[in-house]
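What follows is a single structure, written as structure tokens, with notes after it.
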Amino acid sequence: MIKQHYRAIAFYSGGVDSTIAPLLALEDLDLRREDMLLLYVDLGGAVDRVNRAEQRAKILGIDFIAIDGRADFARDYLSQAILLNGSYWGYPLITPLSRAFMVEAAASLLTFGNGETRYLVNRCTRYQNTRYRLEKHCAKYPHFAALAPFMHRSISRPEKIELLRRNGIEPGRGAEIAEDENLWGCALEGAPLNDLSDIEMKKVFRVTQDIWPPSHTSDRFTLHFADGLPIAIDGKFMPLNDIIEQCGQFGAKHGVGRIVIFEDTVPELGYKQRGVFESPASTILYAAHRFIEDAVHTH
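Residues 1385 to 1683 (our numbering) make up the sequence shown, in order.
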């Protein structure tokens, strides 16, 4: 049974920034390590990082919990995205949907009362829309505040590595491009993506396979819908998260779901960047859902 006395809870994947953020937060809030909980929320995706996260949490001496949120995330959030064909300039809301779910998961592990503020620690920088999303979602709960230690700091990678080593963690080789992956797709972020001379971006994508040279194989399957949501594949009924996962696997094999847009931050930031995403599942399911809408709705 998880204790609920924690003053702060941090989203944790075991990566460099998600490890540095709670360490800085302990300093900022003047908390002990036993006052914080590290939370790993499994929302699906190709890479399972839970073992690394748990091992590093033990080294840090901070309590850790992992939650399998795949079924609930699909049922409560991705279902609504499908019904609404949810999109933001062609981006199927991979990260916004996951963060909303994760805030609810975090809040469920805390006790609110006595007017004492609880903190949600995250690794957002001042340039990311995600920090505004987290602040808005936290505001639904009494005395729950989002805390982003990187917001007002500029920390070089050598400084981060030194801090990790002081805390007993040997970092791996850093990747230039970060990824945020769940059932709905993979969002990619990093300075190399803003090099507009790189048109093909062959080395960027993580989930979807290149379609050149073209393959002579094809996949065909039938999606069954009820009340606007997929309920079966080829007549086999299954939970929504399994349907989404299988659609993602089908699409990824054929390079389906690569999305490249120019993304604006909120006006306060005034920052523009190239948004690169892979979402084969949403591409397939939105196309099927729109076809059904066209077939049954009057225009």
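We treat Cβ as the ideally placed atom computed from N, Cα and C, and that holds for glycine. Given the structure is predicted, the values throughout are model-derived calculations rather than measurements.
Query	Result
In the structure shown, what three-state DSSP assignment does Lys1520 receive?	helix
Is the beta carbon of Met1420 sitting closer than 8 Å to the one on Ile1449?	no
What did DSSP end up calling Phe1496 once you bin it into helix, strand or coil?	coil
With 16 as the cutoff for other CB atoms within 10 Å, does His1521 come out buried or exposed?	buried
Tell me the DSSP bridge mates of His1608?	Ala1616
Have a look at Leu1477 and Leu1531 and give me their C-alpha separation to the nearest angstrom.	22 Å
Look at the Cβ atom of Asn1625, then the Cβ atom of Gly1428, and state whether they are nearer than 8 Å.	yes
Taking Cβ to Cβ, would you say Val1422 is nearer than 8 Å to Ala1441?	Note that residue 1422 corresponds to Leu in the displayed sequence, not to Val. In contact: Leu1422 and Ala1441 (Cβ atoms closer than 8 Å).
Along the chain, where does the alpha helix (DSSP H) that runs through Asn1625 open and close?	Leu1624 to Lys1637
Tell me whether Ile1535 sits in a helix, a strand or coil according to DSSP, three-state version.	For clarity, residue 1535 is Met in the given sequence; the question names Ile instead. In this structure, Met1535 counts as coil in the three-state DSSP scheme.
Within a Cβ cutoff of 8 Å, which residues of the same chain sit near Leu1407, ignoring the five residues on either side of it in sequence?	Leu1444, Leu1547 and Asn1551
Please work out which residues of its chain come closer than 8 Å, Cβ to Cβ, to Arg1483, disregarding the five sequence neighbours upstream and downstream, and give them in chain order.	Thr1514, Arg1517, Leu1518 and His1521
Taking Thr1667 and Gly1641 to be in contact with their CB atoms under 8 Å, please state how far apart those CB atoms are, rounded to whole angstroms.	4 Å
Considering only DSSP beta bridges, list what Asn1566 is partnered with.	Gly1569
From Ser1397 to Ala1679, what distance separates their C-alpha atoms?	43 Å
Mind checking which residues open and close the beta strand (DSSP E) that includes Arg1510?	That residue, Arg1510, is in no beta strand (DSSP E); it is neither H nor E in DSSP.
For Arg1604, tell me which candidate among Asp1618, Ala1405, Ile1643 and Thr1403 has the shortest Cα-Cα distance.	Asp1618
Determine, using beta-carbon pairs with one atom in the stretch 1656–1665 and one in the stretch 1627–1641, whether at least three such pairs fall under 8 Å.	yes
From the DSSP output, in three-state form, read off Gln1593 for me.	coil
Considering Cα atoms alone, identify which of Ala1489, Gly1474 and Leu1607 is closest to Ala1571.	Gly1474
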